[in-house]
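Chemist: Sharing a structure here in structure tokens format.
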Amino acid sequence: MSVPPATASPPLDLYEILGLSPAASQDDIRSAYIREAIRCHPDRNNDPGATQTFQHVAEAFYVLSDPIRRQEYDAKTVPRPCPAVDANAMFGNVFQELLRPEVHHHATTWTMMGGASGAVLGFILFNFPGALLGSVAGSTLGRVRDAKGVSVYDAFVRLQPVQRRQVLDRIFQQLFHTTVMQGIVGSMLPK
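Going by this note's numbering, the sequence shown opens with residue 54, and the numbers climb by one from there.
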């Protein structure tokens with residue numbers, strides 16, 4: 054006789070158990086607990102699952118009624134919004150060396166195509182924040198091609214070694230600052 058594998062049940066949403074939103078006040082939590090405890094108390098409810106439901110209500114009240122336990126619970130379960138990224142600040146000045154025109158071109162074809170394709174790739178990778186970031190990065194790279202009349206790689210290769218290093222240093226600094234200091238990477242990881 055084989056024993057079925059144990060399956061982990063999904064974690065309980067303590068706010069949902071009490072019928073509250075995460076913005077609920079302490080008074081709201083207390084009122085919801087009283088309401089739900091009366092509704093599902095095993096002495097007043099003949100439902101076979103009433104005892105377990107009552108235990109869940111008691112657990113929800115135990116955690117949410119204490120500010121420290123509630124803060125710890127919220128930190129683990131309530132999704133935090135992704136911090137806003139200023140895409141212009143991130144990529145705005147990185148490519149200035151490449152944008153210095155050798156011959157002035159008035160075309161904006163590659164700027165528009167770069168912005169559109171960057172937005173599509175960004176959306177595929179990171180939804181709407183990625184689309185915004187990809188659009189700015191793509192249009193900046195397209196602007197380099199419009200200004201230089203050659204691909205970004207060719208324009209980069211034509212720079213002096215010192216200038217190439219400066220461009221790479223600025224890219225690294227801005228990416229490092231954005232991902233590590235603002236915590237984008239951590240907020241995008243699944244909980």
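Every residue gets a Cβ at the ideal spot worked out from N, C-alpha and C, and that includes glycine.
According to DSSP, is I190 helix, strand or coil?
Modeler: The question names Ile, yet the displayed sequence has Ala at residue 190. Reduced to three states, the DSSP call for A190 is helix.
Chemist: State the Cα-Cα distance for the pair P57 and P64, rounded to the nearest angstrom.
Modeler: Low confidence applies here, because P57 scores a pLDDT of 47, under 50, leaving its location unreliable; read the following figure in that light. Their Cα atoms are separated by approximately 21 angstroms.
Chemist: I'd like to check one pair, V205 with V215: are the Cβ atoms closer than 8 angstroms?
Modeler: Note that the C-beta distance between V215 and V205 is not below 8 angstroms.
Chemist: Rounded to the nearest angstrom, what separates H109 and T130 at their Cα positions?
Modeler: 17 angstroms
Chemist: Can you look up P75 in the DSSP assignment and give me helix, strand or coil?
Modeler: coil
Chemist: Taking 7 angstroms as the limit between beta carbons, can you name the residues of its chain near L73, skipping five residues before and five after?
Modeler: For L73, where only same-chain residues beyond five positions count, the Cβ hits under 7 angstroms are D81, I82, A85.
Chemist: If we count the other Cβ atoms within 10 Å of its Cβ and call it buried at 16 or more, is A190 buried or exposed?
Modeler: buried
Chemist: Drop a sphere of 10 angstroms on the beta-carbon of F68, count the other beta-carbons inside from all chains shown, and report buried for 16 or more, exposed for fewer.
Modeler: Going by the sequence as given, residue 68 is Tyr instead of Phe. Classification for Y68: buried.
Chemist: Provide the residue span of the alpha helix (DSSP H) that contains H109, from first to last.
Modeler: 103-117
Chemist: Measuring straight from C-alpha to C-alpha, what distance separates A111 and A90?
Modeler: 8 angstroms
Chemist: Identify which residue in F209, P182, G183, G167 has its Cα closest to the Cα of S192.
Modeler: G167
Chemist: Exposed or buried, which one is G183 when buried takes at least 16 other CB atoms within 10 Å?
Modeler: Its Cβ being crowded by 16 or more others within 10 Å, G183 is buried.
Chemist: Assign A128 to buried or exposed, taking buried as 16 or more other Cβ atoms, counted over all protein chains shown, within 10 Å of its Cβ.
Modeler: A128 comes out exposed.
Chemist: With C-beta atoms as the reference, is A103 less than 8 angstroms away from L71?
Modeler: no
Chemist: Alpha carbon to alpha carbon, what distance is there between L178 and R223?
Modeler: The alpha-carbon separation between R223 and L178 amounts to approximately 23 angstroms.
Chemist: Here's the rule: buried if 16 or more other CB atoms are within 10 angstroms of the residue's CB, otherwise exposed. What is S188?
Modeler: buried
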